[in-house]
Amino acid sequence: MRRKQDDIHIKRMADLLRQGATLTDLSCPVCASPLFRLQDGTLWCGKDEKKVIIVKEGEETPQTSTNSVMDKLEATLMAKVQDLQGKIERTNNVEELGKLTTALSELLSSLEKARRMKKS
Ligand SMILES: [Zn+2]
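Letter by letter, the sequence shown follows residues 9 to 128 in this note's numbering.
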């Protein structure tokens with residue numbers, strides 16, 4: 009059985025969508041219900057019926073230390089990728105080419121992991 013309160017909430021959300029608001033993947037910091045973006049760009053909580061200002065997580069708690077380590081790692085890995093790329097270009101040896109491309113793909117996956125760690 010659905011509570012009356014929920015019905016009102018759903019009706020409000022439907023009204024917002026009809027008015028041209030779009031549903032975002034953000035949630036309200038107060039009630040955790042999904043937020044809407046109004047046509048003027050304002051974030052709106054349909055449940056609380058008020059404007060919401062979201063502070064981006066990265067701005068609130070900057071992970072400077074992790075990021076700077078990852079930046080260095082990324083630069084090192086990129087240099088190695090370039091080095092390998094040059095070697096791959098120069099070699100005519102099939103066996104060597106195999107080793108180089110394996111090393112390259114491992115480097116690229118490490119690079120991807122370093123970048124992922126930086127984001128989270
Ligand atoms: Zn809310």
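Think of the CB as a built atom: it goes at the ideal place given N, C-alpha and C, for glycine as much as any other residue. Given the structure is predicted, the values throughout are model-derived calculations rather than measurements.
In the three-state scheme derived from DSSP, where H, G and I count as helix and E and B as strand, Leu46 is classed as coil. Linking Leu46 to Asp33 through their CA atoms gives a straight-line distance of about 14 angstroms. Bridge partners of Leu51 according to DSSP: Arg45.
In the DSSP assignment, Asp15 falls within the unbroken alpha helix (DSSP H) covering Lys12 to Arg26. Thr30 is bridged by DSSP to Arg45. In this structure, the beta-carbon distance from Arg123 to Glu82 falls below 8 angstroms.
The C-alpha of Cys36 lies about 13 angstroms from the C-alpha of Thr50. Annotation for Asp14 indicates a beta carbon at 7 angstroms or more from all heavy atoms of ligand 1.
Sixteen is the threshold: when 16 or more other Cβ atoms of the shown chains lie within 10 Å of the Cβ of Ala29, as they do, the residue is buried.
Straight-line spacing of the CA atoms in Ser73 and Glu103 works out to 41 angstroms. Its Cα nearest to that of Lys80, the residue Ser118 stands out among Gly106, Glu97, Ile96 and Ser118.
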